[in-house]
Amino acid sequence: MLDRSSSSIAALIQPGRVHRRVYTDPDIFELEMERIFGRAWLFAGHSSQLAKPGDYITTELARQPVIMIRHSDGAIHVLFNRCAHRGAKIAPLRSGHAPRLTCCYHGWTYDSDGTLLNVPVPEGCARSFDTRDFALTPVPRVGIYRGFVFASLAKTGLSFEDHIGPMKANIDDLVDRAPDGELALDAGRHRYVFEGNWKLQVENVLDSYHVPFSHASTVNEKGEQFARREGDRHGAAVVDADKSRTAAPWKQRRSYITGNGHGWTSNTQLDDAKRSSPAFDEYRRVLAEKLGAERAQQILTPRLHNSLIYPNASIMGLNIHVRVINPVAVDRTEVTVFPVRLVGAPPAMNFGNIRLLNVTHSAASFVQTDDLESFVRVQNGLRSQAADWVDISRGLGEEEPDRELNATRELATHEMVVRAQYRAWLDYMQQAA
Ligand code: FES
Ligand SMILES: [Fe+2]
41 MLDRSSSSIA ALIQPGRVHR RVYTDPDIFE LEMERIFGRA WLFAGHSSQL AKPGDYITTE
101 LARQPVIMIR HSDGAIHVLF NRCAHRGAKI APLRSGHAPR LTCCYHGWTY DSDGTLLNVP
161 VPEGCARSFD TRDFALTPVP RVGIYRGFVF ASLAKTGLSF EDHIGPMKAN IDDLVDRAPD
221 GELALDAGRH RYVFEGNWKL QVENVLDSYH VPFSHASTVN EKGEQFARRE GDRHGAAVVD
281 ADKSRTAAPW KQRRSYITGN GHGWTSNTQL DDAKRSSPAF DEYRRVLAEK LGAERAQQIL
341 TPRLHNSLIY PNASIMGLNI HVRVINPVAV DRTEVTVFPV RLVGAPPAMN FGNIRLLNVT
401 HSAASFVQTD DLESFVRVQN GLRSQAADWV DISRGLGEEE PDRELNATRE LATHEMVVRA
461 QYRAWLDYMQ QAA
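As structure tokens, this is what we get:
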């Protein structure tokens, strides 16, 4: 039985190490759903997934089903996906179009803002029955930044601005790459489920240490993709050193943290002088035409890519996509990968990016499968009672301020970002309801 006191939770995290129970104890997982996913600002979806009124997507926040839907006035609503009558899920599909939501069970019908519009056989309702008492329940708090929709299941807590604030620049960094200044997450999705704890995926998205080893069949010893020319030919982003800041190869790249568990690595180089393809050249031309040569050059020199917005979203600038991490059980996690289209970019370039993503991060891809194998092996290995602690001490004490970026940085092969995630984890987990 888990001792939920602050001191007992704190004892699970020590400088440079994490107790294995944090990954394996079902009681800790339940507490995470209550204290982290039940409170934090969670990425729910993107406005481009709701092109017109009545368009909706469904997802889960802390295992609770929700609908994100665009109302007739254009506003986006995030509602619990639960009929106010006897509880049936209203929208069963992952996405769809329904200006009116009708429950399959007894036919109650709701408007796209959750208002209850119609109850069949109304003469059977109790005399005191008032449809206004039976709207779909909204998720308590919703915050939107440049199309990225976040929701919090808690009525109070850290404001959206305070949570997302430092990461706005990372979102800007990707959105600004679209010549029309907007993204579209409308190219389908990949989904994979692995038998491992959710934090294994969260830790991994900014883990530069594993790349040449886990992904040896895809990258060389410098962490650069073997498929580099292939990427170029299709106009896709490729792995490269962070020439804009350090001209550094894999071992010298940097990671950054900025509080609240968020972080990023800056290892993407779009404006590679050697890089040229009809699609990329056209993209560069369109960007310069719309925004001016100087601004285009700035945009093509990204610094903030491959971001983690703690606790459930990553924005990858390398092979552009948004990834959403959805904990299912202590040893089961579902991840959805959304390809991203840069609106206004040449179709061939967007197609090339999506194609690269299919090859790297779909369920049956060259890269993602390597990570999934590692996650499952970690989850299995941690059953061993031989040692209680998981080591995350690489670079401990070597963090340094980056005043220009208002962040803290360290070598990307160190484990500063993981330690930062556990600081945020502790902040959430130590707060009782
Ligand atoms: S449960 Fe939805 S109408 Fe009865
Ligand atoms: Fe990986």
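The number in the working numbering is simply the position in the sequence shown, starting from 1, with 40 added. Just so you know, even glycine gets a beta-carbon here, dropped at the ideal spot from N, CA and C. Just so we're clear, the structure is a prediction, and the values are computed from it rather than from any experiment.
- A distance below 6 Å between beta-carbons, with the five flanking residues on each side excluded, links I97 to the following residues of its chain, in chain order: G85, Q89, M108, S135.
- Of all C-beta pairs linking the region 150-168 to the region 222-229, fewer than three are shorter than 8 Å, placing the two stretches out of contact.
- Less than 7 Å separates the beta-carbon of S347 from that of N210.
- The beta carbon of R75 lies closer than 7 Å to those of Y468, M469, Q471 in the same chain, with the five residues before and after it left out.
- Within the chosen limit of 6 Å, ligand 1 reaches the beta carbon of C123 through at least one heavy atom.
- Judged by their CB atoms, G94 and A138 are nearer to each other than the 7 Å cut-off.
- Scanning the region 88-169 for uninterrupted beta strand (DSSP E) segments of 3 residues or longer gives 95-101, 104-110, 116-120, 135-137, 140-142, 149-151, 156-158, listed from N- to C-terminal end.
- Relative to the Cα of L246, the nearest Cα in the group P379, H125, R449, G147 belongs to R449.
- A166 and L157 have their C-alpha atoms spaced approximately 17 Å apart.
- Contact between the region 201-209 and the region 368-386 is absent: fewer than 3 CB-CB pairs across the two stretches fall below 8 Å.
- As computed with DSSP, T376 is found in a beta bridge with R231, V364.
- Between the C-alpha atoms of S112 and A91 there is a straight-line separation of about 12 Å.
- Per DSSP, the continuous alpha helix (DSSP H) segment holding V457 begins and ends at 456-469.
- For A191, the distance from the CB to the nearest heavy atom of ligand 1 is not below 6 Å.
- For R372, same chain residues with a beta-carbon under 8 Å away, outside a window of 5 residues either side, are V233, F234, E235, G236 in chain order.
- Look at C165: its beta carbon is at least 6 Å from all of the heavy atoms in ligand 1.
- Taking 7 Å as the cut-off, the beta carbon of W81 is found closer than this to the beta carbon of F190.
- Sixteen is the threshold: when 16 or more other Cβ atoms of the shown chains lie within 10 Å of the Cβ of G392, as they do, the residue is buried.
- At least one heavy atom of ligand 1 is found less than 6 Å from the C-beta of A128.
- No Cβ-Cβ contact shorter than 7 Å links I339 with R186.
- About 7 Å separates the CB atoms of P160 and H146; that is less than 8 Å, so the two are in contact.
- Chain-ordered, the residues whose CB falls short of 7 Å from any heavy atom of ligand 2 come out as N244, D247, H250, V251, S254, H255, V407, D410, D411.
- Excluding its 5 nearest sequence neighbours in each direction, R434 has C-beta neighbours in its own chain below 6 Å: H454, E455, listed in chain order.
- In this structure V58 touches W429 by the C-beta definition: roughly 7 Å separates them, less than 8 Å.
- Assignment of beta-bridge partners to H345 by DSSP yields no partner.
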